[in-house]
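Here is the structure we will look at.
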Amino acid sequence: MIENDALTQSDFIREIVDNDLKTGKRDRVATRFPPEPNGYLHIGHAKSVCLNFGLARQYKGTCNLRMDDTDPAGESMEFVGSIQDDVRWLGFDWEDRLFFASDYFEKLCQFAIDLIKAGKAYVCSLSADQIRAYRGTLTEPGKNSPYRDRPIEENLDLFSRMRSGEFQDGAHVLRAKIDMASPNVTMRDPVIYRIKRSGHYRMGNDWVIYPMYDFAHCLSDSIEGITHSICTLEFENNRPLYDWFVNELIEGPKPRQVEFARLNVSYTILSKRRLIELVENKLVNGWDDPRMPTVAGMRRRGYTASSIREFCSRIGVAKNDNLVDIALLEHCVREDLNESAPRAMAVLHPLKVIIDNYPEGRAEDMECANHPQKPEMGTRKVPFSNTIYIEKDDFMEDPPRKYKRLGPGREIRLRNSYVIRFSSMVKDAVTGEIRELHCTYDPDTRNAAPQDGRKVDGVIHWVSAAHAVPAMVRLYDRLFKVADPAGTEGDMTDLLNPESLEVINAAYVEPGLAQATPGQKYQFERLGYFCCDLKDSLPGKPVFNRIVTLRDSWAKIAGK
RNA sequence: UGGGGUGUCGUCAAGCGGUAAGACUCAGGCCUUUGGAGCCUGCAUUCGGAGGUUCGAAUCCUCCCGCCCCAGCCA
Numbered sequence: 058m059i060e061n062d063a064l065t066q067s068d069f070i071r072e073i074v075d076n077d078l079k080t081g082k083r084d085r086v087a088t089r090f091p092p093e094p095n096g097y098l099h100i101g102h103a104k105s106v107c108l109n110f111g112l113a114r115q116y117k118g119t120c121n122l123r124m125d126d127t128d129p130a131g132e133s134m135e136f137v138g139s140i141q142d143d144v145r146w147l148g149f150d151w152e153d154r155l156f157f158a159s160d161y162f163e164k165l166c167q168f169a170i171d172l173i174k175a176g177k178a179y180v181c182s183l184s185a186d187q188i189r190a191y192r193g194t195l196t197e198p199g200k201n202s203p204y205r206d207r208p209i210e211e212n213l214d215l216f217s218r219m220r221s222g223e224f225q226d227g228a229h230v231l232r233a234k235i236d237m238a239s240p241n242v243t244m245r246d247p248v249i250y251r252i253k254r255s256g257h258y259r260m261g262n263d264w265v266i267y268p269m270y271d272f273a274h275c276l277s278d279s280i281e282g283i284t285h286s287i288c289t290l291e292f293e294n295n296r297p298l299y300d301w302f303v304n305e306l307i308e309g310p311k312p313r314q315v316e317f318a319r320l321n322v323s324y325t326i327l328s329k330r331r332l333i334e335l336v337e338n339k340l341v342n343g344w345d346d347p348r349m350p351t352v353a354g355m356r357r358r359g360y361t362a363s364s365i366r367e368f369c370s371r372i373g374v375a376k377n378d379n380l381v382d383i384a385l386l387e388h389c390v391r392e393d394l395n396e397s398a399p400r401a402m403a404v405l406h407p408l409k410v411i412i413d414n415y416p417e418g419r420a421e422d423m424e425c426a427n428h429p430q431k432p433e434m435g436t437r438k439v440p441f442s443n444t445i446y447i448e449k450d451d452f453m454e455d456p457p458r459k460y461k462r463l464g465p466g467r468e469i470r471l472r473n474s475y476v477i478r479f480s481s482m483v484k485d486a487v488t489g490e491i492r493e494l495h496c497t498y499d500p501d502t503r504n505a506a507p508q509d510g511r512k513v514d515g516v517i518h519w520v521s522a523a524h525a526v527p528a529m530v531r532l533y534d535r536l537f538k539v540a541d542p543a544g545t546e547g548d549m550t551d552l553l554n555p556e557s558l559e560v561i562n563a564a565y566v567e568p569g570l571a572q573a574t575p576g577q578k579y580q581f582e583r584l585g586y587f588c589c590d591l592k593d594s595l596p597g598k599p600v601f602n603r604i605v606t607l608r609d610s611w612a613k614i615a616g617k
């Protein structure tokens, strides 16, 4: 079912894996995708999911799904559930290997005791501020904590009492004894356990001490027999620490950390902190708002899993800082939907057209192809009558030269129907706004060229006024108005695109769409791809989300 | 001014000493009952800069410059 994947792809990570296999350093590949369940997955996570699960598939290995839940603040089952939904929806399967770092708390605690016994860890009773001060700066070495040389027995006793809840939050921490003068700040006696009485979404109040990422992650990898621990570049500084813990505590084959550049996409933001902000400040309508770069948001918008996979495959994997053009994502979506989405007609901004020489009360069923290049997708019948709606944009009172649509004296083809000619227009006496158009049709042109051989260039879509179904249509656009919001100064709120959502309450769709199934995707001809909303659409009262517009070469000409 | 990483077309990204892939974007053209789709064409004499090694360098060496990450009891 995964058609477009990485089976033939290559990148520096695959080269490393190839080499580890070839030299016999490893005889299998085991990866893991380790999100912290404190938010929803976004397109950046999707890149990591595709990489980790893709590697496993390519090398016939395994990829575990592991919740990296070592800091209870902000973690919840809701997020655990959404993460599973999203990974599964993206097309990947962790089989029976769903793990939780929190399930390793007991083992991790034993590892910490091993470290203390080896004289490589100590309980430090400095305050958070003091620890910071003792750490030194980027250019100056740190100073040893006065508690650094506590006897092993005392450390053991204190750590055990930390665990049993004898001390207040923050009273003590357990630290690795490495090197306060290391030029790499992460090696300056990092904290590995802290006291936190917040309660854990899974473990309840079983624990009051929690391991830090640097300690828990590498050991979780080791426990699971991970061979290649793939993470993003900002953890490169932490690799010596990763290796230090593993070397001190693990025998036999050790996991190898490999870092790649995290994804950035133009006109959006991928920092989890910022996304949480958007949701909590109600700047968007939840994690699955179709404008969000979250997997849930993209799914709701109507993006397909395969187009997201294709995107992840096309952007590659490297170590350069990057800002991938969102146009590439949109391209992947169009490319996929062009193949699979049945066509339909919908009028977003209706302008009434009366065809004066067409018998009133008469209706004809027009046979329409569901896909112009794919006859196997069949046809459908769309009713036509003397009063139709066309798009306001498709008429201009004083059109420019290159405009190929309706105007005074002009003739155009109605898609899947007749050729009509403009006769007159009716304007509002007060506002001057065009109220309706009167046209005549050429009866010989039903799905046929005019008999006299005259050329009709323009084609516009329409819907029969008496038969069309009113629908709500939501037009989504990029969330931010600047290409690189993350790299732009100022309040994020000021950078939001005020036109990222336009709701049309009174659009008209062809009758067949009244019963559209939520999640079904269509191409509304000449407009774009639309998805019947998963949550809000009702039979007879359909709601459609615009997934992405069609490429619009007229907009380019008109914009010049 | 410490340490780690990284600089190849507008944006991603191949390239691994033998003379700059591909994709997206963009610009033209063909075709078309979607100004859609499709098809064709064009788009880095040059690889952050300067030196050097070599018959030959984006690839090796030296120096310089830019950008990113690290001083959470976050991950």
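Numbering (the working numbering), first residue to last: 58 to 617. Where a beta carbon is used, it is the ideal one built from N, C-alpha and C, also for glycine.
DSSP-derived helix/strand/coil call for residue i
| i | result |
| --- | --- |
| Phe69 | helix |
| His388 | helix |
| Phe136 | helix |
| Gly111 | helix |
| Phe168 | helix |
| Ser594 | coil |
| Asn294 | helix |
| Met423 | strand |
| Pro240 | coil |
| Trp621 | With the chain covering 58 to 617 only, the question about residue 621 has no answer from this structure. |
| Gln187 | helix |
| Asn212 | helix |
Whole-Å CB distance - residue i paired with residue j, under 8 Å assumed
| i | j | result |
| --- | --- | --- |
| Val439 | Met482 | 25 Å between Cβ atoms; not a contact. |
| Val516 | Arg470 | 5 Å |
| Val530 | Phe601 | 5 Å |
| Val180 | Tyr116 | Their Cβ separation, rounded to whole angstroms, is 43 Å, which puts Val180 and Tyr116 out of contact at 8 Å. |
| Leu405 | Leu584 | 7 Å |
| Tyr258 | Pro129 | 6 Å |
| Ala571 | Gly597 | 5 Å |
| Arg391 | Val248 | No, Arg391 and Val248 are not in contact; Cβ-Cβ is about 49 Å, not under 8 Å. |
Local Cβ density within 10 Å of residue i, reported as buried at 16 or more and exposed below that
| i | result |
| --- | --- |
| Ala573 | buried |
| Met349 | buried |
| Gly309 | exposed |
| Ser363 | buried |
| Thr6 | Residue 6 is absent from the model: the chain starts at 58 and stops at 617. |
| Asp514 | exposed |
| Arg458 | exposed |
| Val322 | buried |
| Arg114 | buried |
| Trp301 | buried |
| Met134 | exposed |
| Val230 | buried |
| Trp611 | exposed |
| Gly354 | buried |
| Val487 | exposed |
| Lys376 | exposed |
Residues of its chain near residue i, where Cβ-Cβ distance is below 8 Å and the 5 sequence neighbours each way are ignored
| i | result |
| --- | --- |
| Glu490 | Lys484 |
| Arg16 | Residue 16 lies beyond the residue range present for the chain, which begins at 58 and ends at 617; the question has no answer from this structure. |
| Tyr204 | Tyr179, Val180, Cys181, Ser182, Leu183 |
| Glu417 | Asn443 |
| Ala619 | Nothing about residue 619 can be reported from this structure: the residues present for the chain run from 58 to 617 only. |
Neighbourhood of residue i by C-beta distance below 6 Å, restricted to the same chain and skipping five residues each side
| i | result |
| --- | --- |
| Tyr299 | Cys275, Gln314 |
| Gly118 | Arg85, Val86, Ala87 |
| Ser277 | Ala158, Tyr161 |
| Cys389 | Ser364, Glu367, Phe368 |
| Pro92 | Ile140 |
Sequence-distant residues of its chain with Cβ nearer than 7 Å to residue i (five each side left out)
| i | result |
| --- | --- |
| Pro465 | Glu454, Phe479 |
| Leu536 | Tyr324, Thr325, Arg348, Leu553, Asn554, Ser557 |
| Gly343 | Val336 |
| Gly101 | Arg319, Leu320, Leu327 |
| Asn262 | Gly256 |
| Tyr415 | Asn443, Tyr498 |
| Ile280 | Tyr161, Lys164 |
Beta-bridge partners of residue i, as assigned by DSSP
| i | result |
| --- | --- |
| Ser397 | In the DSSP output, where bridge partners are listed per residue, Ser397 has none listed. |
| Thr606 | Gly585 |
| Cys496 | Ile412, Phe479 |
| Thr444 | Ile411 |
| Ser286 | Gln314 |
| Phe156 | Arg123 |
Residue i Cβ short of 6 Å to the ligand FAD heavy atom set
| i | result |
| --- | --- |
| Leu595 | By its list of ligands, the structure shown contains no ligand whatsoever, and the ligand FAD lies outside what it can speak to. |
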